[in-house]
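Report on one structure; see the data block that follows.
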Amino acid sequence: MNNPKLTSPAEVTRLLTKYDFKCKKRLGQNFLVDQNTLQIIINSLKLNKKDCILEIGTGIGTLTSALSPLVKQVISIEKDKKLTPLLKESLPSSNNIEIIFEDIMNFDLVNFFEQKRTKGEKIEKIVGNLPYYISISLIRQILELNRYLKLAVFLVQKEVGERLMAQAGNKNYSILSLVAQYYSQPQKVHIVPSTVFYPQPKVSSMIIKLDIYKKPQVQVGNEKLFFNIIRASFQQRRKRLINSLSNYFKGEIDKAEIENILTEASIDKNRRGETLTLEEFARLSMAMGNKLL
Ligand code: SAH
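For the sequence shown, the working numbering assigns the number 26 to the initial residue and increments by one for each residue that follows.
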């Protein structure tokens with residue numbers, strides 16, 4: 026059975042006190058104590074009984090226990106082993122919950138997905154109320170697993186959500202925006218105030234849904250080159266493209282050649298890198314890739 030009490034602040038404080046558990050800020054331990062927010066996260070996962078779902082950050086098991094009756098299997102990865110005795114009480118005794126005590130940043134997800142697949146368990150959806158200190162690099166790592174995944178729903182700091190969705194010209198437009206939009210279609214689901222957490226963080230959060238493409242929607246040729254061009258353009262985001270690119274590729278491609286490449290891609294060399302759309306970066310990557318062959 027689902028434990029509906031886990032979203033009640035009184036129950037959460039009872040559990041934390043009983044197990045003498047001190048929430049660690051450094052691990053982003055802000056637990057969800059709002060049934061409505063939990064329901065919005067669950068609805069955006071469009072679950073069915075065949076789903077195997079991966080959760081990042083079990084916490085006290087709020088999302089884990091709500092997911093369990095709705096899917097075939099929930100696998101949840103949690104770094105903090107100190108939560109073990111508390112989870113023994115808070116989690117339902119369903120046989121479709123697997124908790125793995127590991128640091129997600131050191132966890133070999135590819136190997137894990139492959140192993141699960143050999144057992145007929147396809148993990149295609151991923152969810153988490155992400156600890157802030159790892160959210161950006163983790164989202165990036167997860168999107169690079171696009172060949173396995175279909176959907177990710179994350180609760181992130183609002184500012185991170187805004188960066189994921191930002192378009193060229195917006196002040197939040199960044200490398201993360203391009204990574205997210207290359208691999209997926211990011212959508213804002215809901216803004217949530219800090220009051221839905223215990224303890225309360227200082228900032229608002231956002232539920233964000235990433236519909237992950239099996240195949241990216243733009244052709245870039247060499248992906249490594251594509252992301253290097255993006256890095257070059259954002260490293261010196263106030264500089265003109267011709268300068269930031271020739272600086273970055275110094276010794277590899279000379280300035281005159283870069284000018285030709287930009288002309289070929291129909292991109293004005295005087296623009297700043299941060300104004301280029303995903304499609305323009307893709308075109309630039311194709312043009313440069315052809316020259317480097
Ligand atoms: N899903 C729960 C908990 C969210 S708090 C809820 O919504 O209430 C974030 C959780 O991520 C914490 O339990 C924290 O211990 C865990 N965590 C932090 N860093 C982690 C890491 N590197 N790997 C796995 N889990 C981590």
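All residues carry an ideal CB built from backbone N, CA and C; glycine is no exception.
As the structure is a prediction and not an experimental result, all values here were calculated from the model.
> By DSSP, does Ser90 sit in helix, in strand, or in coil?
Replying inline: Along the sequence shown, one-based indexing puts residue 90 at 65. Ser90: helix per DSSP, three-state reduction.
> What residue ranges within the stretch 187-237 form continuous alpha helix (DSSP H) runs of no fewer than 4 residues, ordered along the chain?
Replying inline: 200-208
>> Please report the distance separating the alpha-carbon of Ile100 from that of Leu112.
In response: On the sequence shown, position 75 is the one that residue 100 refers to. On the sequence shown, position 87 is the one that residue 112 refers to. Those two C-alpha atoms are separated by around 14 Å.
> Does the Cβ of Gln102 lie closer than 6 Å to at least one heavy atom of the ligand SAH?
Replying inline: On the sequence shown, position 77 is the one that residue 102 refers to. First, the amino acid is wrong: residue 102 is Ile here, not Gln. Flag set: Cβ of Ile102 near the ligand SAH.
> Would Ile125 be called buried (16 or more neighbouring beta carbons within 10 Å of its own) or exposed?
Replying inline: The sequence position of residue 125 within the sequence shown is 100, counting from 1. It counts as exposed.
> Where do the N-terminal and C-terminal ends of the beta strand (DSSP E) with Phe16 fall, by residue?
Replying inline: Because the chain is modelled from 26 through 318, residue 16 falls outside the range shown and cannot be assessed.
> Rounded C-beta distance between Arg256 and Ile200? I'm assuming under 8 Å.
Replying inline: Taking the sequence shown and counting its residues from 1, one reaches residue 256 at position 231. Taking the sequence shown and counting its residues from 1, one reaches residue 200 at position 175. Their Cβ separation, rounded to whole angstroms, is 7 Å, which keeps Arg256 and Ile200 in contact under 8 Å.
>> Please state whether the Cβ-Cβ distance between Val152 and Val181 is less than 7 Å.
In response: Within the sequence shown, the letter at position 127 stands for residue 152. Within the sequence shown, the letter at position 156 stands for residue 181. No.
> Below 7 Å between beta carbons: does that hold for Ala91 and Leu63?
Replying inline: On the sequence shown, residue 91 is found 66 positions in, with the first residue counted as 1. On the sequence shown, residue 63 is found 38 positions in, with the first residue counted as 1. Contact flag set, yes.
>> Relative to the C-alpha of Ile81, which candidate in Asn315, Gly53, Gly246, Leu95 has its C-alpha closest?
In response: Locating residue 81 in the sequence shown gives position 56, where the first residue counts as 1. Closest option to Ile81, Cα to Cα, is Gly53.
> With 16 other CB atoms within 10 Å as the buried threshold, where does Glu146 fall?
Replying inline: The count along the sequence shown starts at 1 and reaches residue 146 at position 121. By the 10 Å Cβ count, Glu146 comes out exposed.
> Under a Cβ-count criterion, where at least 16 other Cβ atoms within 10 Å of its own Cβ denotes burial, should Ala281 be classed as buried or exposed?
Replying inline: Indexing the sequence shown from 1 puts residue 281 at position 256. Classification of Ala281: exposed, given that the 10 Å Cβ count is below 16.
> Does the stretch 223-234 come close enough to the stretch 184-195 that 3 or more CB-CB pairs lie under 8 Å?
Replying inline: yes
>> Please state whether the Cβ-Cβ distance between Ile122 and Ser160 is less than 7 Å.
In response: Stepping through the sequence shown from its first residue, residue 122 is reached at position 97. Stepping through the sequence shown from its first residue, residue 160 is reached at position 135. No. Outside cutoff.
> Is Thr87 near the ligand SAH, in the sense that its beta carbon is under 6 Å from a heavy atom of that ligand?
Replying inline: Against the sequence shown, residue 87 aligns to sequence position 62. Yes.
> DSSP state of Asn295, grouped into three classes?
Replying inline: The sequence position of residue 295 within the sequence shown is 270, counting from 1. In the structure shown, Asn295 sits in coil (DSSP, three-state: anything other than H, G, I, E or B).
> The beta strand (DSSP E) spanning Val37 covers which residue range?
Replying inline: Start at 1 with the first residue of the sequence shown, and residue 37 comes out as number 12. No beta strand (DSSP E) holds Val37; the alpha helix (DSSP H) holding it covers 34-43.
> Should Val221 be labelled buried (16 or more other beta-carbon atoms within 10 Å of its own) or exposed?
Replying inline: By one-based count along the sequence shown, residue 221 stands at place 196. Val221 is buried by the Cβ-count criterion.
> What are the start and end residues of the alpha helix (DSSP H) that includes Ile65?
Replying inline: Walking along the sequence shown from the start, residue 65 turns up at place 40. Note, Ile65: alpha helix (DSSP H), 60-69.
> Is the beta carbon of Leu266 less than 7 Å from the beta carbon of Arg308?
Replying inline: For the purposes of this step, residue 266 is taken as residue 241 along the sequence shown, with counting starting at 1. For the purposes of this step, residue 308 is taken as residue 283 along the sequence shown, with counting starting at 1. No, the pair does not count as a contact, with Cβ atoms beyond the cut-off.
>> Can you tell me where the alpha helix (DSSP H) holding Asn285 begins and where it ends?
In response: To locate residue 285, count along the sequence shown from 1; it is residue 260. Asn285 -> alpha helix (DSSP H) spans 280-289.
> How would you write the range of the alpha helix (DSSP H) that Asn306 sits in, first residue to last?
Replying inline: Indexing the sequence shown from 1 puts residue 306 at position 281. At residue 306 the sequence reads Phe, which differs from the Asn that was named. Counting along the chain, the alpha helix (DSSP H) containing Phe306 begins and ends at 303-317.
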